[in-house]
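Heads up, the thing below is written out as structure tokens.
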Amino acid sequence: MATFSSPVSIEVPKTGQGGGGTRPPVYGGGDDGRGDGSPDYGARLRRVRLGLAIGLTSVTMIFVSLTSAYVVRRGLPTLDERTNQYVRDWIPVDLPLALLLINTALLLVSSITAELARRQITRQAALAPIRSIPGVSLGEDNGFPWLGFTVVLGSGFLAGQWMAWRELADRGFYLATSASSSFVYLLTATHAVHLAGGILVLLYAVAVSLLHKPVEERRIVVDVTAWYWHFMFLLWLYIFGLVWFIR
Amino acid sequence: MATSATIHSHAPQGFIRKYIFSLDHKVIGLQYYFLALVAVFVGMLLSILMRVHMIWPTAVLPLVGEIKPETYLSLLTMHGTIMVFFVLTTAPQGGFGNYFLPIQIGAPDMAFPVLNMLSFWTTFVAFVTILAAFFVTGGAPLHGWTGYAPLSALTNSGPGEQLGADLWITSIAIFCIASLMGALNFITTTLDLRAKGMTMMRMPLTVWAWFVTAILGLLAFGVLLSAGILLLLDRNLGTSFYIPLVVVNGQVMGHRGGSPLLWQHLFWFFGHPEVYIAILPGMGVASQLLSTFSRKPIFGYKAMVYAIMAIGFLGFMVWGHHMFMSGMSPYTAFAFSLMTMAIGVPSAIKTFNWLGTIHGGRVRFQTPMLYAIGFVSLFVSGGLSGPFLAQPVLDIPLHDTAFVVGHFHLIMGVAAIFGMFAGTYYWFPKMFGRMMNETWGRIHFVITLVGTYCIFMPMHYLGMAGQPRRYSQFTELAYLKHLIPLNEFMTYAAIVTVAAQLIFVINLFWSMFKGPKASDNPWESTTLEWTTATPPPHDNFGGRTPVVHHGPYEYSVPGAPRDYVMQTDPPTVASH
Chain A
1 MATFSSPVSI
11 EVPKTGQGGG
21 GTRPPVYGGG
31 DDGRGDGSPD
41 YGARLRRVRL
51 GLAIGLTSVT
61 MIFVSLTSAY
71 VVRRGLPTLD
81 ERTNQYVRDW
91 IPVDLPLALL
101 LINTALLLVS
111 SITAELARRQ
121 ITRQAALAPI
131 RSIPGVSLGE
141 DNGFPWLGFT
151 VVLGSGFLAG
161 QWMAWRELAD
171 RGFYLATSAS
181 SSFVYLLTAT
191 HAVHLAGGIL
201 VLLYAVAVSL
211 LHKPVEERRI
221 VVDVTAWYWH
231 FMFLLWLYIF
241 GLVWFIR
Chain B
1 MATSATIHSH
11 APQGFIRKYI
21 FSLDHKVIGL
31 QYYFLALVAV
41 FVGMLLSILM
51 RVHMIWPTAV
61 LPLVGEIKPE
71 TYLSLLTMHG
81 TIMVFFVLTT
91 APQGGFGNYF
101 LPIQIGAPDM
111 AFPVLNMLSF
121 WTTFVAFVTI
131 LAAFFVTGGA
141 PLHGWTGYAP
151 LSALTNSGPG
161 EQLGADLWIT
171 SIAIFCIASL
181 MGALNFITTT
191 LDLRAKGMTM
201 MRMPLTVWAW
211 FVTAILGLLA
221 FGVLLSAGIL
231 LLLDRNLGTS
241 FYIPLVVVNG
251 QVMGHRGGSP
261 LLWQHLFWFF
271 GHPEVYIAIL
281 PGMGVASQLL
291 STFSRKPIFG
301 YKAMVYAIMA
311 IGFLGFMVWG
321 HHMFMSGMSP
331 YTAFAFSLMT
341 MAIGVPSAIK
351 TFNWLGTIHG
361 GRVRFQTPML
371 YAIGFVSLFV
381 SGGLSGPFLA
391 QPVLDIPLHD
401 TAFVVGHFHL
411 IMGVAAIFGM
421 FAGTYYWFPK
431 MFGRMMNETW
441 GRIHFVITLV
451 GTYCIFMPMH
461 YLGMAGQPRR
471 YSQFTELAYL
481 KHLIPLNEFM
491 TYAAIVTVAA
501 QLIFVINLFW
511 SMFKGPKASD
521 NPWESTTLEW
531 TTATPPPHDN
541 FGGRTPVVHH
551 GPYEYSVPGA
561 PRDYVMQTDP
571 PTVASH
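Which chain is which? The protein sequence lines are A and B, in order.
Residues 1 to 247, numbered by my numbering, are exactly what the first sequence covers, in order.
Residues 1 to 576, numbered by my numbering, are exactly what the second sequence covers, in order.
Given below as structure tokens:
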């Protein structure tokens, strides 16, 4: 049988050995998940950021659908079997406003520390090649633990949310009390689960920095987690606004 | 060469790393494929039990014994759910998409291999979870694959609505997460990992189809996930999202004020894009094969791309047409009806372009091509009843009859399955390095095509005659008595068609080990997967990076030395 394999034109990828100013290959290639597949961190950072943006789209869809369910359910009348008339069963939730404002402030500050951590590691990654030159000193490395602060503040926010739930229960609003309280618990819990995921990734980033992985490797983790964190802050503002202004 | 050398050194050696927890998109693609193969046989078995029950309602059947009405509903629910999620969503996208999307765009792997592995194993857990519903107290749920509340939202509404229904919802939720991870990977890979020269408008239509399908999945599965969480809360924690004040068996339930329609809106906002998730990859495969085996460029490549996008976009605008029966303002219904009929336009563009592609071509009627033509046939036959059902006045009498069952099985079920068969026969040489048996492939095709038409075409007439769907028994209804012979015919056709699938399975596994060795490009195709070795090496191109100079379907180019121009051929071969 005749073979039909065609002449294949192949270009050997040009990888810049030792940062010689050559263009990186079109794709980083071979990220086999063990973190050491490709030295082309720029392309990988871009790819992971793209992945994050796409992932956040689906998170957005989850909250879009919950919002539409919220609005629809809020406008529904329910049959009162004693009077045989349609009544509204949506009881405005008596939210612990002061506590939630404190939580919001905590999350805002944690978003700022996450951003500082992101900028810190970006700077470190940029300076790493210069630092590696023997005899070159750039002075003291700014090792302020912004990452750790973010983890602590994020955990503080979660603890604050827990206190808010306790406060709600004390005021008589349980999950099944009214559809309004169901939604308050559901929206805050869904947000909390996503935030807890962010904390886990931050802890992973801390672990990565303790394991002395390449600074670029850490930078990718910290960078996308910081963006994720900012998104979580905006999402919280949205949820807070929804359950407060559309009670 | 540092990059490729690094990749090479990482080809995993151990059995577990290589075949079980593999990060290689090709292995993961095959895992998805075989998961779907198991699932499709489970689904087919359930459908045969249902069809036998329809004509012999009192027969005692193997495995299930005598089928009581609730058993029938369990079979129906599990058949639908397993087929839609674990076959139609899993094989075309997770299976073929995983295997061939990276190769067709010239990438060494998916963008996030670990996520890819997690996505498969999460799907696997979802599959095990749903199968577990068969074996718990009360059995599998009764609420159909659409899970309408309040039947699905109350734990005492039927025997299968206890733990079985919880497992069902949990399985769907897990599946949603798996699909979201998969979609994220597909989109990032398509956007970021294309080889040099592989512009978006040079991507094969298969890649376009997988890409748009992934976007649909990304936007739709999150909605189903939140709908499922609300359902779980209603069932287990006493909330009232979907449940109004209801009385079950004389007992007033504690819920009040919820809306069953809310579930339907959320479910169908996912559910309608889901049918395109099932069919779009098949459209991509059909386009690829019709062009290859007709030795002609695809007719209207750009129109095909825009049609895929239009179908994907409109798919999000039409969910209400599933709810004409549920009580809907006539104005809303009119809007949904118009949008639904608008989908006919891009669908017709695709159909005419497929016909235009074959027209005047030197068609090679090999098995993959037969299945691609079969796909078009089923797509047209199933699609034509779509505009009927899109109109509320016609949908209201037809909606709860066998007419709808015939419609969606032809267009979404069997057409998508034909896309998978076409893909299997076409890509088998690349995946396993051997050819499948052509004669048995043709026999399988003829029986399957004729068989599916014999099963599903009569459903349209049954529906118009008023045979209800979802009823466990209608042989005692006087007005349907004269249709029993037709129902018997359909059942026999189903048994023959299902038996014929054994030909496929035997051919598949026999050819894997005993089939004649395949060359690197046995079909003389042009896309990138045919430029690499058979089967492809761990990094797909053996350490080389393909550079693309041509569009995906340059067949019979005037002046070219052969009747096909590979995408990687030097640009001097033909200026196009």
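Glycine residues also receive a C-beta, built at the ideal position from the N, C-alpha and C atoms.
Are the C-beta atoms of residue i and some chain B residue less than 7 Å apart?
i: A:S181; result: no
i: A:L203; result: no
i: A:V72; result: yes
i: A:I246; result: no
i: A:I91; result: no
i: A:I54; result: yes
i: A:T83; result: no
i: A:I112; result: no
i: A:R47; result: yes
i: A:G51; result: yes
i: A:A69; result: yes
i: A:S61; result: One detail in the question is off: residue 61 of chain A reads as Met in this sequence, not Ser. At least one chain B Cβ lies under 7 Å of A:M61.
i: A:S65; result: yes
Are residue i and residue j touching if we call contact CB-CB under 7 Å?
i: B:G228; j: B:I277; result: no
i: A:E216; j: A:A114; result: no
i: B:T534; j: B:G433; result: yes
i: B:L289; j: B:P368; result: yes
i: B:A183; j: B:A214; result: yes
i: B:G320; j: A:M61; result: no
i: B:D563; j: B:R295; result: yes
i: B:W168; j: B:P141; result: yes
i: A:F233; j: A:S111; result: yes
i: B:T420; j: B:P92; result: Note that residue 420 of chain B is Met in the sequence shown, not Thr. Yes, the pair counts as a contact, with Cβ atoms nearer than the cut-off.
i: B:S119; j: B:A178; result: yes
i: B:A307; j: B:P392; result: no
i: B:G94; j: B:Y19; result: no
i: B:I585; j: B:G43; result: Examination of residue 585 of chain B is not possible in this model, given that chain B is present from 1 through 576 alone.
i: B:A133; j: B:D234; result: no
i: B:L398; j: B:G315; result: no
Would you list the one or two residues that DSSP bridges to residue i?
i: B:P65; result: In the sequence as presented, Pro is not what sits at residue 65 of chain B; that position holds Gly. Beta-bridge pairing links B:G65 to B:L61.
i: A:R88; result: A:P77
i: B:V247; result: B:V252
i: B:Y579; result: This structure does not reach residue 579 of chain B, given that chain B is present from 1 up to 576, and the question cannot be answered.
i: B:V285; result: B:V285 pairs with nothing; no bridge assigned.
i: B:K196; result: B:V547
So with Cβ pairs under 7 Å, would you call residue i a contact of chain A?
i: B:A111; result: yes
i: B:R256; result: yes
i: B:I28; result: no
i: B:S326; result: no
i: B:V64; result: no
i: B:L219; result: yes
i: B:L180; result: yes
i: B:G97; result: no
i: B:L370; result: no
i: B:S47; result: no
i: B:L184; result: yes
I want to check one thing, is the minimum distance from the CB of residue i to the heavy atoms of the ligand SAH below 6 Å?
i: A:G148; result: With respect to the ligand SAH, the structure shown offers nothing to examine, as it has no ligands at all.
Checklist entry - Which residues, in order along the segment 406-435 of chain B, keep a beta-carbon less than 9 Å from a beta-carbon of chain A? => result Going along the segment 406-435 of chain B in chain order, one finds no residue with a Cβ nearer than 9 Å to chain A.
Next on the checklist: I'd like the ranges of any beta strand (DSSP E) spanning at least 3 consecutive residues and lying wholly in the segment 418-470 of chain B.
Outcome noted: none
Checklist entry - What residue ranges within the segment 384-417 of chain B form continuous alpha helix (DSSP H) runs of no fewer than 4 residues, ordered along the chain? => result Unbroken alpha helix (DSSP H) stretches of 4 residues or longer found wholly inside the segment 384-417 of chain B: 386-389, 392-398 and 402-408, given in chain order.
Next on the checklist: Output needed in chain order: residues of the segment 188-201 of chain B with a Cβ under 7 Å from some Cβ in chain A.
Outcome noted: Taking 7 Å as the Cβ-Cβ cut-off against chain A, the residues of the segment 188-201 of chain B that qualify are T188, L191, D192, L193, A195 and K196.
Item to check | Residues in the segment 142-158 of chain B having any Cβ partner in chain A nearer than 8 Å | outcome: none
Next on the checklist: I'd like the ranges of any alpha helix (DSSP H) spanning at least 4 consecutive residues and lying wholly in the segment 84-168 of chain A.
Outcome noted: Whole alpha helix (DSSP H) segments, 4+ residues: 97-131.
Checklist entry - Taking any Cβ of chain A, which residues in the segment 270-294 of chain B have a Cβ under 8 Å from it, in chain order? => result none
Checklist entry - Mind pulling the alpha helix (DSSP H) runs of 4 or more residues that sit fully within the segment 456-537 of chain B? => result 484-514
Checklist entry - When Cβ atoms are compared, which residues of the segment 551-570 of chain B fall closer than 9 Å to chain A? => result Those residues of the segment 551-570 of chain B that come within reach of chain A (Cβ to Cβ, closer than 9 Å) are R562, Y564, V565, M566, T568, D569 and P570.
Checklist entry - Quick one, which residues of the segment 222-245 of chain B are near chain A if we go by CB-CB under 8 Å, in chain order? => result G222, V223, L225, S226, A227, I229, L230, L233, L237, G238, T239, S240, F241, P244 and L245
Item to check | Residues in the segment 156-184 of chain A having any Cβ partner in chain B nearer than 7 Å | outcome: L175, A176, A179 and S182
Item to check | Interface positions of the segment 188-220 of chain A facing chain B (Cβ-Cβ less than 7 Å), listed along the chain | outcome: none
Next on the checklist: Please identify, using Cβ separations under 7 Å, the residues of the segment 114-126 of chain B that lie next to chain A, in order along the chain.
Outcome noted: V114
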